[in-house]
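**Student:** Chains as they are written, first to last, in my numbering: chain A, 30 to 454; chain B, 30 to 454; chain C, 30 to 454.
Ideal Cβ placement from N, Cα and C applies to all residues, glycine included.
All values reported here derive from a predicted model rather than from experimental measurement.
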Amino acid sequence: MNGTIPGPTIVLDEGDIVEFTIVNKGTVTHGASIHAAYTQTSKYLGKIEAGKSKSLLFKVSYPGVYMYHCAPGGHAIPMHVIYGQYGMIVVKPKKKYKLETILNKPPDVEIFLNQHEFYSNGKDAIESKPLYTAFNGKLFRYVENPIKAKPGDYVRIYYLNVGPNQTATFHIVGIIWDFAYWQGNPDMVYPGGQSVLAGPTDSWVVEFRVPPDEGAYLMLNHAVGPTDRGAIGLLVCDDSAQTPVTVIGDGPKYSQEELNTLKSKVTRVISPFEPGSPDVDPVAYYGPETGEVTVKIIGNSFYPKSIVIAEGTKVKWVNEDVFSYMEGEFAGIHNVTSYEGIAEPFSSPLLAHTESFTFTFNKEGDYKYMCTPHPYMKGTVSVKDMGGRSTAGPSKIGLGFLITLLFLVTFQLVVTVYNRRKKAE
Amino acid sequence: MNGTIPGPTIVLDEGDIVEFTIVNKGTVTHGASIHAAYTQTSKYLGKIEAGKSKSLLFKVSYPGVYMYHCAPGGHAIPMHVIYGQYGMIVVKPKKKYKLETILNKPPDVEIFLNQHEFYSNGKDAIESKPLYTAFNGKLFRYVENPIKAKPGDYVRIYYLNVGPNQTATFHIVGIIWDFAYWQGNPDMVYPGGQSVLAGPTDSWVVEFRVPPDEGAYLMLNHAVGPTDRGAIGLLVCDDSAQTPVTVIGDGPKYSQEELNTLKSKVTRVISPFEPGSPDVDPVAYYGPETGEVTVKIIGNSFYPKSIVIAEGTKVKWVNEDVFSYMEGEFAGIHNVTSYEGIAEPFSSPLLAHTESFTFTFNKEGDYKYMCTPHPYMKGTVSVKDMGGRSTAGPSKIGLGFLITLLFLVTFQLVVTVYNRRKKAE
Amino acid sequence: MNGTIPGPTIVLDEGDIVEFTIVNKGTVTHGASIHAAYTQTSKYLGKIEAGKSKSLLFKVSYPGVYMYHCAPGGHAIPMHVIYGQYGMIVVKPKKKYKLETILNKPPDVEIFLNQHEFYSNGKDAIESKPLYTAFNGKLFRYVENPIKAKPGDYVRIYYLNVGPNQTATFHIVGIIWDFAYWQGNPDMVYPGGQSVLAGPTDSWVVEFRVPPDEGAYLMLNHAVGPTDRGAIGLLVCDDSAQTPVTVIGDGPKYSQEELNTLKSKVTRVISPFEPGSPDVDPVAYYGPETGEVTVKIIGNSFYPKSIVIAEGTKVKWVNEDVFSYMEGEFAGIHNVTSYEGIAEPFSSPLLAHTESFTFTFNKEGDYKYMCTPHPYMKGTVSVKDMGGRSTAGPSKIGLGFLITLLFLVTFQLVVTVYNRRKKAE
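Written out as structure tokens, the structure is:
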């Protein structure tokens, strides 16, 4: 959203009247679910066609930390969430948080912290197996560029577990909270505590004072397996820190020049929707003993994305996407159609859940295919004469470490706050 | 239970004296764990042999939303829970919920909502990888038949995350709760909030008023990967809705005629215990290079359930079920015995955890085998002469979309509430 | 720690001044994170080289149930936690827990209960797929040796979900809590409830009275799949029980003689770092059709650990460990170097995340290799002439059921409590 993952962090005051306008600059239908809004968001923002825009006017009456995300309807809701269309809205309470009352001053350090997951294929996305995790859009972002605070500083963190799949326990090494506030509600105060537990879309405000000892305080999800994939940051206590400071939750934004530099250093290409580098989307080899190979269509991608088979092998594509109600981006309806290397062209009808298409490959060659309703979904089949020795793997070579999320930069969010001020644009 | 998944929803009043009678109409031992009962359930209801019945008399002193489930002892407890033997008990508090006090009226819409998971094999069941998820027993049940409410209606949801494995964040698009009550306890009030977090057997009562805007409010687990497998429903705000209304949590019950119609439309057969359709339980092919194939015995099923191997290949069955204490349905003790296609019959001794049985298949043919203590557990081995080309996959063809849970319709629950009224039977 | 998993349970009183001294008796760098300490633990205890020791003096001002664990910095933190270096610290509150006030007596039964996970390889560790789970260090420990209480006894459980990955709902069959206290804080009281939800490092104190009925009350995580792997125990109500009693949370400690007896009965060898029994770390076979085999380096282990390939096959090792910041035990930097069976020796440079090393095996033979910076990481490659029939699997044979955690017995914890008493040593 607005070209970043997560999208812009939106900060409102309890009681504000706010107008959200979504401008769909992409090629597929988008929409929005705004958790801070107690109203029919799907009616007003549910399905915005490419090139169109829609608005919702509402009052934010409940203080807290909320998620917003794309919601074009049906199966496209989880898909657009999984693949990066989300962000944080904070409705600051009229009532002061308890530590602010006690200390009688605003926080010295305010951090808006989105924790979220990246997936390299639809099967992993459905099965909650992230390839990477992050705070505010970038692996190890605050290890590379630590957030700095002075000894004794009052810190408030607006923590949102975006998910979209995993439950997390947020912890900072060396810190016991003064207070944690469930979903950021100042009336739901938890005293003390080493951690807070949050499922996807759950949120907390945590508050504490920085201990007198200079050095690094590690912020992380204490579920250490997923954490090790990137959702780690440093809060560094440093006498020379410049506070007050605010760290917003928007993902990093790159200039075209920075993007070019990044691309020149790429060691791995990741896309949920088409074959990335072979170490991310490994080619699956099937020997001549294999009567039939099953390729799953799941989470708007093929699994495995690339296969090598012997002449004469049957390949069966099965639609494992279940949510075929409501038409959001055509719901979970898919097909397979060859578009390159067409020694033997093939094309299936539209497939609903459990429906399948089988094709027997009798001619050597490299085939590329796609899904017509979702043309970003792509896969390959290499057919070998395995009488002799298989000669070679596919020629695709990984190019640094770049995540390509195709849905990414395709819509713009305009937020207008009436009677008060304009917060984000 | 009583032929549905979930079993009957039981609603009691705080202070009721209640008698549970379990009648085991099945062929294996059953039992019950009643989370609303502060007493020795395992002693009185722990192990009920086929054809027998047992009763427990107790007083419900703690208000809340509880799970009950089959509990025949030992390894059979998780197995019977995983495969569908559960339901919800609500103990309504004497004290009014806060919103009922504020609005000074009972809810217009009361929804008893079980969220639960379906597994297609024991390995996935143990590893928390559901094939499907559901509200009240059926994928997309309330998308197909939405729950209807009028604008401004007071809604109360008794939400139970049955699991049996995944933690979930329950959310309704467009709604911020007025109040959430932890485990349905009126003394544990959470104000506001976009979601509630629940692990397996955790529960909440959530209350809110329907916004004035007509249209659809999507109810879901915000862990979107698993949600996309079926646990999605609609609460539709509609001026013409007939309220007050109560939606019970029982799974759908089908007449024999409806079942016949369903069966005629089946596109996929799923059973955790024997090979289903090949797209659910894909055949695993092993080339002649394979020295040894390992088949796991896990979650009361074989994995993979169907294998194709070359003549001369060794197959090793390893018992991965760990819980061999207590004798519930013979605990996690298994064996393998061929019963069809017996060019070479084979039979193992009983295997405890980590114990294995190895057999070398030297003769072409199709073999079927089972576990003697759990005769519903079945698997197949196809032995091919792979000097030449493997000729064909297995002949089994998927037939709709029918979930066969073998344990399902095998016991009856009779609940008697003394001094007051009879709620469920 | 001190030779057990979990390490010693440390019980302090709110307000104590305490000194932790870590003596590293191992061969790699260790450290400590002490969640009960509101201070810079990483500065004082963060990186303790082999043979060295370090101390931290601090005051425990916040009552509750906390985790402590090894924390040598960077990628080594999650690794050392995953592989067993953790324990529980309880800071007992000055204020009495509510049930103690009501009953006006201390608990009759005090249980310190660590719930934790064991992993057999790094990939499963990162992906949250435990092979086993346990209470206090041993599968089914309290099924084999139940904890005993008299009818009516007042029970307090200090429950810590160590994780390190899975969220759990702690439940006791037949029990509704009188009170649960979030993270053991006496000011955060939850009345009633069938369960408590805890992510990794989350904790609760739960209190209840044992019902009058003699018999067994099953303690478990109600996420039944993982529970079935070992985290189950019994609290047995028995008129003849000797109370008051305290059950500490330390893992079992074996004498050399007991260890020898255990080893003589081993049926399975498990090590996250090198090939264990083939039923735990199954050999992966690749036919001659396979152009390239990918071996992942993940969670400080190789995956698959043992492969069989045809002459001429390329093997590509890819470093999937991401956390290469901070130098804790050299961070997630790895290589591969052959050390045995060196018909064709091979050795890679150091590999950072996404970097890979490819080697084509042209000569038949059995190769063993390791990671130079982490010499406990080991793998094997068997190269076969697959023109003919693959002759045999690897010769390694499983030997009762022993978990080898290499990091285990390598450091000693000394805790000194000033002004009061010495609690653990």
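1) I need the DSSP call for Arg-170/B, collapsed to helix, strand or coil.
2) Answer yes or no: does any C-beta atom of chain B fall closer than 8 Å to that of Tyr-171/C?
3) Am I right that Gln-195/A and Phe-164/A are in contact with their C-beta atoms under 8 Å? What's the rounded C-beta distance?
4) Between the Cα of Glu-43/B and those of Leu-85/B, Ser-90/B and Gly-408/B, spot the shortest distance and give me the residue it belongs to.
5) Along the chain, where does the alpha helix (DSSP H) that runs through Gln-285/B open and close?
6) Of the residues that make up the segment 364-397 of chain A, which ones have a beta carbon closer than 8 Å to any beta carbon in chain B?
7) Of all Cβ atoms in chain C, is any one closer than 8 Å to the Cβ of Pro-311/A?
8) Please name the residue in Ala-197/B, Ile-299/B and Val-265/B whose C-alpha comes closest to that of Asn-174/B.
9) Can you give the beta carbon distance from Gly-278/B to Tyr-161/B, rounded, assuming they're within the 8 Å contact cut?
10) Taking Lys-72/B as the reference, give the member of Gly-203/C, Val-276/C, Ser-71/C and Gly-305/C with the closest Cα.
11) Along the chain, where does the beta strand (DSSP E) containing Ser-71/C start, and where does it finish?
12) Any idea which residues DSSP pairs His-145/B with across the strands?
13) When DSSP builds the beta bridges, which residues end up paired with Met-399/A?
14) Check each candidate in Leu-86/A, Ile-299/A and Val-52/A and name the one with the smallest Cα separation from Ala-79/A.
15) Would you check if the distance between the CB atom of Gly-254/C and the CB atom of Tyr-171/C is smaller than 8 Å?
16) Return the Cβ separation of Val-94/A and Tyr-187/A in integer angstroms, given the expectation that the two are a contact with Cβ distance under 8 Å.
17) Taking Cβ-Cβ distances shorter than 7 Å, what residues in chain C pair up with His-64/B?
18) Considering His-382/C, what are the terminal residues of the beta strand (DSSP E) in which it resides?
19) Using the Cα positions of Glu-287/B and Ser-385/B, report the straight-line distance between them to the nearest angstrom.
20) What residue ranges within the segment 250-279 of chain A form continuous beta strand (DSSP E) runs of no fewer than 3 residues, ordered along the chain?
21) Just to confirm before moving on: does the CB-CB distance between Ile-327/B and Glu-303/B stay below 8 Å?
22) Report the neighbours of Lys-158/B on chain A: residues whose CB is nearer than 7 Å to its CB, in chain order.
23) Consult DSSP for Gly-151/A and reduce its assignment to one of helix, strand or coil.
24) Starting from Met-415/C, find everything on chain B with Cβ-Cβ shorter than 7 Å and list it in chain order.
25) Please state the DSSP three-state secondary structure of Phe-430/C.
26) Within the same chain, show all residues whose beta-carbon is closer than 6 Å to that of Ser-377/B, passing over the 5 residues directly before and after it, in chain order.
27) State yes or no: is the beta carbon of Phe-352/B nearer than 8 Å to at least one beta carbon in chain C?
28) Who are Asp-42/C's beta bridge partners in DSSP?
29) Helix, strand or coil: how does DSSP classify Phe-359/C here?
30) Please report whether the beta-carbon of Gly-460/C lies at a distance below 8 Å from any beta-carbon of chain A.
31) Return the first residue and the last residue of the beta strand (DSSP E) that Ala-178/A is part of.
32) Considering Met-108/A, what are the terminal residues of the alpha helix (DSSP H) in which it resides?
33) Counting contacts by CB-CB distance shorter than 8 Å, is Leu-168/C in contact with chain B?
34) Could you name the residues of the same chain whose beta carbon sits closer than 8 Å to that of Tyr-126/C, not counting the 5 residues immediately before and after it, in chain order?
35) Counting contacts by CB-CB distance shorter than 8 Å, is His-145/C in contact with chain B?
36) For my contact list, Thr-272/A and Val-138/A are in at a C-beta cut-off of 8 Å; report their separation, rounded to the angstrom.
**Tutor:** Reading from the atomic positions:
1) Taking the second sequence and counting its residues from 1, the one referred to as residue 170/B is at position 141. Helix.
2) For the purposes of this step, residue 171/C is identified with residue 142 of the third sequence, where counting begins at 1. By this cut-off, Tyr-171/C is not an interface position.
3) Counted from its first residue, the first sequence places residue 195/A at position 166. Counted from its first residue, the first sequence places residue 164/A at position 135. With 8 Å as the limit, Gln-195/A and Phe-164/A do not qualify as a contact, their Cβ atoms being about 14 Å apart.
4) As a first step, residue 43/B is located in the second sequence; it is residue number 14 there, counting from the start. Of the candidates Leu-85/B, Ser-90/B and Gly-408/B, the one whose C-alpha sits nearest the C-alpha of Glu-43/B is Ser-90/B.
5) Working through the second sequence from its first residue, we reach residue 285/B at position 256. Where Gln-285/B is concerned, the enclosing alpha helix (DSSP H) stretches over 285-293.
6) Those would be His-382, Thr-383, Glu-384 and Ser-385, in chain order.
7) The count along the first sequence starts at 1 and reaches residue 311/A at position 282. True, the Cβ-Cβ gap to chain C drops below 8 Å.
8) Taking the second sequence and counting its residues from 1, one reaches residue 174/B at position 145. Of the candidates Ala-197/B, Ile-299/B and Val-265/B, the one whose C-alpha sits nearest the C-alpha of Asn-174/B is Val-265/B.
9) Position 249 of the second sequence, counted from the first residue, corresponds to residue 278/B. Position 132 of the second sequence, counted from the first residue, corresponds to residue 161/B. That pair is no contact at about 17 Å.
10) Numbered from its first residue, the second sequence carries residue 72/B at position 43. Minimum Cα distance to Lys-72/B is reached at Gly-203/C.
11) Here residue 71/C refers to the residue found at position 42 when the third sequence is read from its first residue. Note, Ser-71/C: premise wrong, no beta strand (DSSP E); alpha helix (DSSP H) at 70-74.
12) Numbered from 1 along the second sequence, position 116 holds the residue referred to as residue 145/B. His-145/B is bridged to Ala-163/B and Gly-192/B.
13) Translated into positions along the first sequence, residue 399/A becomes position 370. In the DSSP output, where bridge partners are listed per residue, Met-399/A has Thr-366/A and Lys-407/A.
14) Reading the first sequence from its first residue, position 50 is the one you call residue 79/A. Checking every option, the nearest Cα to that of Ala-79/A belongs to Val-52/A.
15) By one-based count along the third sequence, residue 254/C stands at place 225. By one-based count along the third sequence, residue 171/C stands at place 142. Against a cut-off of 8 Å, the Cβ pair of Tyr-171/C and Gly-254/C comes out as no contact.
16) In the first sequence, residue 94/A corresponds to position 65, counting from 1. In the first sequence, residue 187/A corresponds to position 158, counting from 1. About 5 Å separates the beta carbon of Val-94/A from that of Tyr-187/A, a gap short enough to meet the 8 Å contact definition.
17) The residue given as residue 64/B occupies position 35 in the second sequence. By Cβ distance, chain C contributes Gln-223.
18) To locate residue 382/C, count along the third sequence from 1; it is residue 353. Element bounds for His-382/C: n/a, residue is neither H nor E.
19) Sequence index remark: in the second sequence, residue 287/B carries index 258 (1-based). Sequence index remark: in the second sequence, residue 385/B carries index 356 (1-based). Computed Cα separation, rounded: 44 Å.
20) 261-266 and 274-276
21) Start at 1 with the first residue of the second sequence, and residue 327/B comes out as number 298. Start at 1 with the first residue of the second sequence, and residue 303/B comes out as number 274. Taking 8 Å as the Cβ cut-off, Ile-327/B and Glu-303/B do not qualify as a contacting pair.
22) As a first step, residue 158/B is located in the second sequence; it is residue number 129 there, counting from the start. Think of a sphere of 7 Å around the beta carbon of Lys-158/B: the chain A residues whose beta carbon falls inside it are Glu-156, in chain order.
23) Stepping through the first sequence from its first residue, residue 151/A is reached at position 122. DSSP places Gly-151/A in helix when its eight states are reduced to three.
24) Numbered from 1 along the third sequence, position 386 holds the residue referred to as residue 415/C. Ordered by position in chain B, the residues that pass the 7 Å Cβ test against Met-415/C are Glu-318.
25) The count along the third sequence starts at 1 and reaches residue 430/C at position 401. In this predicted model, Phe-430/C has a pLDDT of only 48, less than 50, meaning its place in the structure is not dependable; the value taken from the coordinates is given anyway. In this structure, Phe-430/C counts as coil in the three-state DSSP scheme.
26) Here residue 377/B is taken as the residue at index 348 of the second sequence, counted from 1. Asn-364, Val-365 and Phe-386, listed in sequence order.
27) The residue you call residue 352/B lines up with position 323 of the second sequence. Phe-352/B counts as touching chain C.
28) Residue numbering aside, residue 42/C sits at position 13 when the third sequence is read from its first letter. In DSSP, Asp-42/C forms a bridge with Lys-121/C.
29) As a working mapping, residue 359/C is identified with position 330 in the third sequence. DSSP places Phe-359/C in helix when its eight states are reduced to three.
30) Lying outside 30 to 454, the shown extent of chain C, residue 460/C is not represented and no answer is given.
31) Taking the first residue of the first sequence as position 1, residue 178/A is located at position 149. First-last of the beta strand (DSSP E) with Ala-178/A: 176-178.
32) Position 79 of the first sequence, counting from 1, holds the residue named residue 108/A. Taken as a continuous stretch (DSSP letters only), the alpha helix (DSSP H) holding Met-108/A covers 105-111.
33) On the third sequence, residue 168/C is found 139 positions in, with the first residue counted as 1. Taking Cβ atoms only, chain B reaches closer than 8 Å to Leu-168/C, which makes this a yes.
34) In the third sequence, counting from the first residue as 1, residue 126/C sits at position 97. Excluding positions up to five away in sequence, the list reads Arg-185, Phe-208, Tyr-210, Pro-215, Val-234 and Glu-236.
35) Your numbering for residue 145/C matches position 116 in the third sequence. No, His-145/C lies away from the interface with chain B (no Cβ there is under 8 Å from its Cβ).
36) Working through the first sequence from its first residue, we reach residue 272/A at position 243. Working through the first sequence from its first residue, we reach residue 138/A at position 109. With 8 Å as the limit, Thr-272/A and Val-138/A qualify as a contact, their Cβ atoms being about 6 Å apart.
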